[in-house]
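A short write-up of the structure that comes next.
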Amino acid sequence: MDVILLNALSTRKHYRTLRGSVPAELYDSKTLWVLDAFGKYFYSFETRAELVEHEILSWLKTRGIKAEEFASASLIIQHALKPQPKEAVDNILSNLIEQDFSGRAASIISRYQGGEEIEVTQELFTLASRAHREMATVGDAGWANGDIAEYIMNERDDAGLFFKSFPVLMQNLKGIREGHNFAFAADTDAGKTSLMMRCVADFAEQAKDRQQPILYLVNEGTAEALTPRFYGTVLGKNNTELLELHHTGKLIPEYERIVGFKEHVRFVNIHGWTLGKVARYISNARPHGVVTDMTGRIRINSSNSNDIQQLEDVWNGMRELAATESFWHGGSAQISMEGKDQWYPPLSALQNSKTGIQTTLDLAIWMGNLNPQRSPEFAQVRGISTPKNKLVREGRPAHSKFQMEFKPERNIWTGGAE
Numbered sequence: 015m016d017v018i019l020l021n022a023l024s025t026r027k028h029y030r031t032l033r034g035s036v037p038a039e040l041y042d043s044k045t046l047w048v049l050d051a052f053g054k055y056f057y058s059f060e061t062r063a064e065l066v067e068h069e070i071l072s073w074l075k076t077r078g079i080k081a082e083e084f085a086s087a088s089l090i091i092q093h094a095l096k097p098q099p100k101e102a103v104d105n106i107l108s109n110l111i112e113q114d115f116s117g118r119a120a121s122i123i124s125r126y127q128g129g130e131e132i133e134v135t136q137e138l139f140t141l142a143s144r145a146h147r148e149m150a151t152v153g154d155a156g157w158a159n160g161d162i163a164e165y166i167m168n169e170r171d172d173a174g175l176f177f178k179s180f181p182v183l184m185q186n187l188k189g190i191r192e193g194h195n196f197a198f199a200a201d202t203d204a205g206k207t208s209l210m211m212r213c214v215a216d217f218a219e220q221a222k223d224r225q226q227p228i229l230y231l232v233n234e235g236t237a238e239a240l241t242p243r244f245y246g247t248v249l250g251k252n253n254t255e256l257l258e259l260h261h262t263g264k265l266i267p268e269y270e271r272i273v274g275f276k277e278h279v280r281f282v283n284i285h286g287w288t289l290g291k292v293a294r295y296i297s298n299a300r301p302h303g304v305v306t307d308m309t310g311r312i313r314i315n316s317s318n319s320n321d322i323q324q325l326e327d328v329w330n331g332m333r334e335l336a337a338t339e340s341f342w343h344g345g346s347a348q349i350s351m352e353g354k355d356q357w358y359p360p361l362s363a364l365q366n367s368k369t370g371i372q373t374t375l376d377l378a379i380w381m382g383n384l385n386p387q388r389s390p391e392f393a394q395v396r397g398i399s400t401p402k403n404k405l406v407r408e409g410r411p412a413h414s415k416f417q418m419e420f421k422p423e424r425n426i427w428t429g430g431a432e
């Protein structure tokens, strides 16, 4: 039984979510010691999705343990990483998922009864939905038995919504579709919100005949301030020009001519919202796309998670929602010190995340810029790259790198040669 438990938790995903649910009193000290070693391994080998036998054994040798302890641990690990009966492993995982759900549900109820202001029904619903999804991945999951021709059509290069204002992305990327999860990242005050609005305006124009909305969930600034900025982006106008259009009665008609209908893109203040409340709002609105500005500020109701873990859980939660509720999701994050003052920050250059957020993404769009005080001649130039890209067109490079000039007053982007 101990070897089966270790086998079940030998992947990063299962270890991270279910290690805390293992009842320590039911397992011997050697098993628990090896389990802790698994955790330290995953911490040291950040890119590994599952344990690699020769790596963890070599790593153990460097930990200064006694020869007999190493021999014992080595034997247990070698047995654990051999194929185990699937039914037995599935039973272990199912029991741990139920234990995890039970503990988290009890915590939510306790906090609610203690007077904390939480939406207890929504939190429990979200928690139960997540547990059901995890259970579905343990046993025999439903297979894709739809129309194969439809699947092929959905995967063709010209399907979905495209980044029309960015020629290189048009050349190299397939379209964004329901279920896709992607991220924009840039330095503070570099124009990240403007970049996102430009892309959303492109998407809204291409989807103008759809009746479902795009939700733009605002965690930075206010919906009231961002809405006129978006009108300016769509129409290529500054505030003075927007007011002139309004006075002539042409503002709304011109806007609707481009994006289809006035309510197509809806800016919503979500300051202080939990993931559960976001999920409920999305479920009621039934959008075809969702943008979350500063995604990491959405709260997770869990006293057992640190800030980095909560950040990863929010992004993974939005990825799961996009798949289950059938919408595309684009979120934003901050570039870390590692990526400052350069055109093309590496994939790892995210605030509070080297790999966690990145593993949830189908596409990463990073925007870099040079320090305007040291390089004033490049103050309006931005470097745009795709350091992670699972949406590459056939025969095109996965990692795009190009520069564009950014004109913030009307949110216009020009240039873009590779």
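The opening residue of the sequence shown carries number 15 in my numbering; numbering runs sequentially from there. C-beta atoms are modelled at their ideal positions from N, C-alpha and C, and glycine is treated no differently.
- Within a 10 Å sphere around the beta-carbon of HIS278 sit 16 or more other beta-carbons, which makes this residue buried.
- Excluding its 5 nearest sequence neighbours in each direction, THR374 has C-beta neighbours in its own chain below 7 Å: ASN195, TRP329, ASN330 and ARG333, listed in chain order.
- By the CB criterion at 8 Å, VAL248 and TYR230 fall outside the cutoff.
- Distance from the CA of PHE217 to the CA of ALA199, rounded to the nearest whole angstrom, comes to 19 Å.
- Its chain contains TYR29 and ARG33 as the residues whose beta carbon lies nearer than 7 Å to that of GLY53, once the 5 sequence neighbours on both sides are disregarded; these appear in chain order.
- Assignment of ALA347 by DSSP, reduced to helix, strand and coil, places it in the strand class.
- Take ARG118, set aside five residues on each side of it, and the residues of its chain with a beta-carbon closer than 6 Å to its own are LEU141, in chain order.
- GLY303 counts as buried, since no fewer than 16 other beta carbons sit within 10 angstroms of its beta carbon.
- For SER24, there is no enclosing beta strand (DSSP E), as DSSP marks it with neither H nor E.
- The residue from PRO267, THR306 and LEU335 with its alpha-carbon nearest to that of ARG294 is LEU335.
- Selection LEU377, HIS93 and TRP342 evaluated against LEU405 yields LEU377 as nearest (Cα-Cα).
- Along the segment 40-122, the alpha helix (DSSP H) occurs as fully enclosed runs of 4 or more residues at 43-58, 67-75 and 81-94, listed in sequence order.
- Between SER414 and VAL182, the CB-CB gap stays under 8 Å.
- When the alpha-carbon of ILE228 is set against those of THR236, GLY235 and GLU219, the nearest one is in GLU219.
- For the pair ALA22 and ASP223, the Cα-to-Cα distance works out to about 47 Å.
- Scanning the segment 319-396 from its first residue to its last, the whole alpha helix (DSSP H) runs of 4-plus residues come out as 321-339.
- Shown here, ALA237 sits in a helix according to DSSP, grouped into three states.
- Under the criterion of beta carbons closer than 8 Å, ASN425 and ARG280 do not qualify as touching, at roughly 19 Å.
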